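> Numbered per my numbering, the sequence shown spans residues -16 to 263. For each residue, glycine too, the CB sits at the ideal point set by N, CA and C. Being a predicted model, the structure only gives us computed values, none of them experimental. I have a structure here, written as structure tokens, and I will follow up with some questions on it.
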Amino acid sequence: MLTNSDGVREALAGQGYLAGPDLATAVFLAQDLGLPLLLEGEAGVGKTEVARAIAAATGAALVRLQCHEGIDVHQALYDWDHPRQLLALRAAELGSGEADVDLWCERFLLERPLLRALRAEGPTVLLIDEIDRADDAFEAFLLELLSDFAVTIPELGTVTAAQRPLVILTSNRTRELHDALKRRCLYQWIDYPDPVRELAILRVRAPGVTDDVAERVVAAVARLREQELYKQPGVGETVAWARALTALGDGARLDDALGAVLKVREDQERVRALGVLAGG
Ligand SMILES: Nc1ncnc2c1ncn2[C@@H]1O[C@H](COP(=O)(O)OP(=O)(O)O)[C@@H](O)[C@H]1O
Ligand SMILES: [Mg+2]
């Protein structure tokens, strides 16, 4: 199905995701060459969603690792079920369990997303989301994992992926990632959609919205994105704004539902002061 970038575009559109030509090509290449794909872009441009859409379109399982500050191997790869280990120990002591419990075996292993993706039987999309939130050490660990698709768990041995997952990494670019990681990946910057594509996205994501509201909202969002704001509206905000105006009914002004699109007080004040929504 994903035999070329047009095929990718159609398959993603079938899942309600409208990709631009660059992104479709990048997804095709990542899949065809078996390379991880690093997606960077502002919040709300569709980085997370495209991984979901790829998984759904290809019938692959989606495994998501949400990165955060301080994330470590035990949250990302595996952990040991300490309460269960303790219970087993106690049972053994009381003579009601096995005499000699092996505490470091599969029974007490907790699979976290990365291990789940490595051990998955069928095709898998591994989404490593917002990797810019993790620290350097974790990035180095990921780099190793992405080189061999194998990890060693000291107590258990080495786990190697039978079938390599398609890996999508995303970054909101709150910091630069290391060159070494970038060298492993294909790279694609995702921009806000142009108004034509954003209108098309609105039709798919918010079918109950009239053309008039959709066009006003898309034009206004484009104007907002030209302003210096703390938080630029993403595609999700466009959809939310259009839905809110539709709920308010005939005669609703853009300003009436500003809270659906701008979530920082100073941004709202600035936009009002500058009259960016004038006439809407
Ligand atoms: N190209 C697109 N086609 C359809 N929906 C999109 C597209 N881009 C973004 N969206 C919608 O916008 C919202 C935000 O996208 P998301 O993937 O969460 O952004 P990011 O991960 O880049 O912050 C999602 O609800 C998604 O459905
Ligand atoms: Mg995201």
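(1) Helix, strand or coil, according to DSSP, for V192 in the structure here?
(2) Looking at the unbroken beta strand (DSSP E) that takes in I111, where does it start and where does it end?
(3) Against chain B, with Cβ distances strictly below 7 Å, would D131 count as a contact?
(4) Please return the same chain residues whose Cβ sits closer than 8 Å to the Cβ of E113, not counting the five positions on each side in sequence.
(5) Would you tell me roughly how many angstroms separate the C-alpha atoms of Q251 and T141, rounded to the nearest one?
(6) On the criterion of 16 or more Cβ atoms from any shown chain inside 10 Å, does P190 qualify as buried, or is it exposed?
(7) Any chance you could list the residues with Cβ under 5 Å from a heavy atom of ligand 1, keeping chain order?
(8) Given a cut-off of 7 Å on the beta-carbon distance, is the pair L279 and D238 in contact?
(9) Three-state secondary structure (DSSP) at S79?
(10) Can you look up I37 in the DSSP assignment and give me helix, strand or coil?
(11) Mind the definition here: the region -7 to 11 touches the region 200 to 207 only if three or more C-beta pairs lie below 8 Å; say whether that holds.
(12) Verify whether the separation of the beta carbon atoms of D115 and R166 is less than 7 Å.
(13) With distances taken from CA atoms, which of A74, A163, A103 is nearest L125?
(14) Just reading off the alpha helix (DSSP H) that V218 is part of, what are its end residues?
(15) I'd like the span of the alpha helix (DSSP H) that includes E252, first residue to last.
(16) In this structure, how does DSSP classify V56 when only helix, strand and coil are distinguished?
(17) With DSSP as the reference, label D5 as helix, strand or coil.
From the atom records:
(1) Counted from its first residue, the sequence shown places residue 192 at position 209. Looking at V192 - three-state DSSP - the assignment turns out to be coil, as it is neither helix nor strand.
(2) By one-based count along the sequence shown, residue 111 stands at place 128. 107 to 112 is the extent of the beta strand (DSSP E) around I111.
(3) Any reference to chain B falls outside this structure, which holds one protein chain only.
(4) Position 130 of the sequence shown, counted from the start, is the residue given in the question as residue 113. Hits under 8 Å: Q49, C50, H51, T153, S154, N155.
(5) Residue mapping note: residue 251 aligns to position 268 of the sequence shown, counting from 1. Residue mapping note: residue 141 aligns to position 158 of the sequence shown, counting from 1. Going by the C-alpha atoms only, they are around 53 Å apart.
(6) Residue mapping note: residue 190 aligns to position 207 of the sequence shown, counting from 1. Under this definition P190 is an exposed residue.
(7) Y0, L1, A26, G27, V28, G29, K30, T31, E32, I184, V218, G219
(8) This structure cannot settle anything about residue 279, because the visible part of the chain is limited to -16 through 263.
(9) Residue 79 sits at position 96 when you count from the first residue of the sequence shown. Here S79 sits in coil by DSSP.
(10) As a working mapping, residue 37 is identified with position 54 in the sequence shown. Residue state, collapsed to three classes: helix.
(11) no
(12) If you number the sequence shown from 1, residue 115 lands on position 132. If you number the sequence shown from 1, residue 166 lands on position 183. No. Outside cutoff.
(13) Counting from one through the sequence shown, the residue named residue 125 turns up at place 142. Closest by alpha carbon: A163.
(14) Against the sequence shown, residue 218 aligns to sequence position 235. Looking at the DSSP string, the run of the alpha helix (DSSP H) that includes V218 is 218 to 231.
(15) Start at 1 with the first residue of the sequence shown, and residue 252 comes out as number 269. Note, E252: alpha helix (DSSP H), 248 to 257.
(16) Looking up residue 56 in the sequence shown gives position 73. Note: V56 maps to helix in three-state DSSP.
(17) Taking the first residue of the sequence shown as position 1, residue 5 is located at position 22. Note: D5 maps to helix in three-state DSSP.
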